[in-house]
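Reviewing the structure listed below.
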Amino acid sequence: MFSRERNTESSILELLSKHFPPYVPKKGEEYMNATQRAHFRKVLEALKGELSQDIDRTVQAMQDDATVFADPNDRATQESDISLELRNRDRERKLIRKIDETIARIDKDDYGYCEKCGVEIGLKRLQARPTATLCIDCKTLDEQREKQSGK
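Here is the structure:
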């Protein structure tokens, strides 16, 4: 499941990267200043808008394509397609919730710092994953613990 969520997020982030070039800090610029926070807020709001449009398009398409097939195989295929589409939209809704939480962190000036150890997450990591809440070291440890516990 996590890899599918990552795929949804990464494909949308690729699209956004074309519209939002990476933030390049000026020499001596303070980490996570107002300009940097504004940049990431714009990226997150654009990402949220794109996800919301995808969800709306899917709902509209599902309403337009609502056909009852007499053939059980066709009906099963349609149900399978709908189920897959709904799972994808559910992941996108979860990502929208995560984006809202991230924007709230920007508002509280907590954005860009690891929620476990408090160190800077880093601009490059945030550019690649603007919803990141952990530094790369803490995230790596979490993933290793997940592997060991078999989750």
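Numbering (the working numbering), first residue to last: -10 to 140. Even glycine gets a Cβ: it sits at the ideal position worked out from N, Cα and C. Computed from a predicted model, the values in this text were never measured in an experiment.
- Contiguous alpha helix (DSSP H) elements confined to the stretch 27 to 66 do not occur, taking only those with 4 or more residues.
- Boundaries for Arg118: no alpha helix (DSSP H) harbours it, and the DSSP string shows neither H nor E there.
- Residue pairing by DSSP places Tyr100 opposite no residue, since no beta bridge is assigned to it.
- Secondary structure note for Cys127: its alpha helix (DSSP H) is the uninterrupted segment 125 to 138.
- Leu40 places its beta carbon 7 Å or farther from that of Glu68.
- In the DSSP secondary-structure assignment, Glu109 is bridged to Tyr102.
- Between Asp96 and Ala50, the alpha-carbon positions lie close to 36 Å from each other.
- In its own chain, leaving out the 5 sequence neighbours on each side, no residue places its CB closer than 6 Å to the CB of Arg118.
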